[in-house]
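These notes are about the structure you will find just below.
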């Protein structure tokens, strides 16, 4: 077992690649004293087109790796992995495991006047996980889910703010706008990278729910409740340490993550799951 | 060992996903009596952004699987796998192994008046495999390689003939056109799916080399030479059997392959490498 850290161990954040960095960034902002370990399964990205069974297997492998590094909580920062593997992870792991779908659904239900649009990968849309999570909170809300797979490559390739991205966004979003949605959930952790473009297309009559922010809020609540419970154990006053693990192509990750987080990626390791 | 087939075993065709179907189609046209086994590693697609070591490992696993099915020849129908793993495969396997780069380079050298453009994935461009293959044939030819990664997702998502694809093609290809290329190699097996769009952008002053066609030609030569050598062993007169193996998401493959090949995908198996 790794040595106990003053804060009870780092928070593990898992994604198929770089998309979960949007969640990582919000958690780092909300909890600057917590140490974070980010694991991106870049050897097997993307998960969005893979079968649920395969995604469950990959997610359990990632969880085992993070557990061996002494995490106190696991955040599944990938919608596809959340929709396919969250129940299996919650069953197997003895620590809190939170996904990105439930926080996104809760935030959308709070915002909406009755009609929610969800854009996500093919895998997430097929799972109907957002519709289920929203209807569990409020059964009468109208939910329309739609796949927007090209957003992932546009984000990955650095084309988020181009005319091409704008045109793709119009093609994906116009049917949702026409159907009268008042709230749009960015149901893939890559999509916040395209948020300015998406906002231009949907206009200010549609509220945007970014599950990165709402998930970080949820993580903060759990961490603070935990400190309150273990009275006297205040969080360390020093800044948390950020460690990054990838399963392939670490230089590519260093570049993309460095640009996105606007920080030097110092602790980066290549691991095998 | 599997039982001997009249033609000496099927031809194995390997790709990271669906892109190699462009090569499969040309081989099936050139050699209608040969049985073909196509293996798409859909659980780990795409290879284009992965490290060479990882691509070598995946390619050797694929080769072992195909060998166990008695193939007489292996075609690496993926530029990234060819550039990273062809030497390792040729060293390990006791059967002919052909990639897509050498045939493409040869066809380009035949066509060009002196300046060749190559578009490919990030991995292939970084490897400089096309420049090396072209210079091995003709050292004084000017070669410009350029990555066009979004073409893969546009092809995979069925956006090949859209206005968006046209705009992306203009952004990728204009620097090559401006630099005066007279020949353009489609250095990724996905790209022939976008060929009409690419042709519109480059115009008729630039010759297009599609490595699917030239690779099929190369496979036909080897097969016919083999029959000539084993005198009396003529190819079977019955149509070859086409078998498809994927490592994930077989229904997605069935749909995309069926549309692309314009045939029902009857023999489709999910395998684990």
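Protein chains in written order, with the working numbering: chain U, 3 to 275; chain G, 3 to 275. Note that CB positions come from ideal geometry on N, CA and C, so glycine has one too.
What residues in the segment 24 to 51 of chain G have a beta carbon less than 9 Å from any beta carbon of chain U? 44, 45, 46, 47, 48, 51
Quick one, which of U:148, U:156, U:268 has its alpha-carbon nearest residue 196 (chain U)'s? U:156
Nearest-angstrom Cα distance between residue 272 (chain U) and residue 99 (chain G)? 31 Å
Less than 7 Å between the beta carbons of residue 138 (chain U) and residue 174 (chain U), yes or no? no
Between G:148, G:101, G:126, G:42, which lies nearest to residue 118 (chain G) when the distance is taken from Cα to Cα? Put simply, of G:148, G:101, G:126, G:42 the residue whose alpha carbon is nearest the alpha carbon of residue 118 (chain G) is G:148.
Judging by CA-CA distance, which residue of G:129, G:188, G:200 is the nearest neighbour of residue 24 (chain G)? G:188
Just the C-alpha distance for residue 93 (chain U) and residue 17 (chain G), rounded to the nearest angstrom, thanks. 36 Å
Determine the chain G residues that contact residue 251 (chain U) at a beta-carbon separation under 7 Å, and present them in chain order. 51, 52, 53
Would you list, in sequence order, the uninterrupted beta strand (DSSP E) runs of no fewer than 3 residues that lie entirely inside the segment 171 to 259 of chain U? 185 to 188, 209 to 212, 244 to 248
Own chain partners of residue 221 (chain G) with C-beta closer than 8 Å, once the 5 adjacent residues on each side are dropped: 13, 29, 32, 33, 75, 77, 100
Neighbour flag for residue 129 (chain U) against chain G, beta carbons, 7 Å: no
On the DSSP letters alone, give me the boundaries of the alpha helix (DSSP H) that residue 29 (chain G) sits inside. 23 to 32
Near-chain G residues of the segment 150 to 180 of chain U (beta-carbon distance less than 9 Å), N- to C-terminal order: 151, 152, 154, 155, 156, 158, 159, 161, 164, 165, 166, 169, 170, 173
Do the segment 114 to 128 of chain U and the segment 95 to 114 of chain G touch if we need at least three Cβ pairs shorter than 8 Å? no
Other residues of its chain near residue 88 (chain G): CB distance less than 8 Å, five sequence neighbours each side excluded: Within the same chain, residue 88 (chain G) has close Cβ partners 78, 99, 101, 103.
Closer than 8 Å is the cut-off here; do at least three beta carbon pairs connect the segment 34 to 43 of chain G with the segment 203 to 217 of chain G? no
According to the Cβ coordinates, are residue 52 (chain G) and residue 250 (chain U) closer than 7 Å? yes
Expressed to the nearest angstrom, what Euclidean distance is found between the alpha-carbon atoms of residue 166 (chain G) and residue 165 (chain U)? 9 Å
Specify the secondary structure class of residue 45 (chain U) as computed by DSSP and reduced to three states. coil
I'd like to know whether the C-beta of residue 56 (chain U) is nearer than 7 Å to at least one C-beta of chain G. yes
Cβ atoms of residue 185 (chain U) and residue 209 (chain U): under 7 Å apart, would you say? Judged by their CB atoms, residue 209 (chain U) and residue 185 (chain U) are nearer to each other than the 7 Å cut-off.
Given that a residue counts as buried once 16 or more other Cβ atoms are within 10 Å of its Cβ, and exposed if not, what is residue 240 (chain U)? exposed
Can you list, in chain order, the residues of its chain whose CB lies under 6 Å from that of residue 219 (chain U), leaving out five sequence neighbours each side? The answer is none, since no qualifying residue turns up.
In whole angstroms, what is the alpha-carbon distance linking residue 64 (chain G) and residue 275 (chain G)? If you take the alpha carbons of residue 64 (chain G) and residue 275 (chain G), they lie about 6 Å apart.
Three-way DSSP call (helix, strand, coil) for residue 269 (chain G) in this model: strand
Sequence-distant residues of the same chain with beta carbon closer than 6 Å to residue 258 (chain G), five excluded per side: 20
Judging by CA-CA distance, which residue of G:141, G:35, G:50, G:10 is the nearest neighbour of residue 192 (chain G)? Put simply, of G:141, G:35, G:50, G:10 the residue whose alpha carbon is nearest the alpha carbon of residue 192 (chain G) is G:50.
Kindly list, in the order they appear in chain A, the residues whose Cβ is closer than 7 Å to that of residue 254 (chain U). The displayed structure is made up of protein chains U and G, and chain A is not among them.
Option nearest residue 130 (chain U) by Cα separation, candidates U:69, U:96, U:84: Residue U:84 is the option with its Cα nearest to residue 130 (chain U).
Other residues of its chain near residue 183 (chain U): CB distance less than 8 Å, five sequence neighbours each side excluded: 117, 118, 119, 146, 208
Return the Cβ separation of residue 86 (chain U) and residue 54 (chain U) in integer angstroms, given the expectation that the two are a contact with Cβ distance under 8 Å. Between residue 86 (chain U) and residue 54 (chain U) a beta carbon distance of about 4 Å is seen, short of the 8 Å cut, so the two are scored as contacting.
Report all residues from its chain with a CB closer than 7 Å to the CB of residue 11 (chain G); omit the five preceding and five following residues, and keep chain order. 72, 73, 74
To test your reading of the DSSP string, which unbroken beta strand (DSSP E) runs of 3 or more residues are found completely within the segment 107 to 147 of chain G? 117 to 122
Buried or exposed: where does residue 66 (chain G) fall if 16 or more other Cβ atoms within 10 Å of its Cβ makes it buried? exposed
From what residue to what residue does the alpha helix (DSSP H) around residue 154 (chain G) run? 152 to 158
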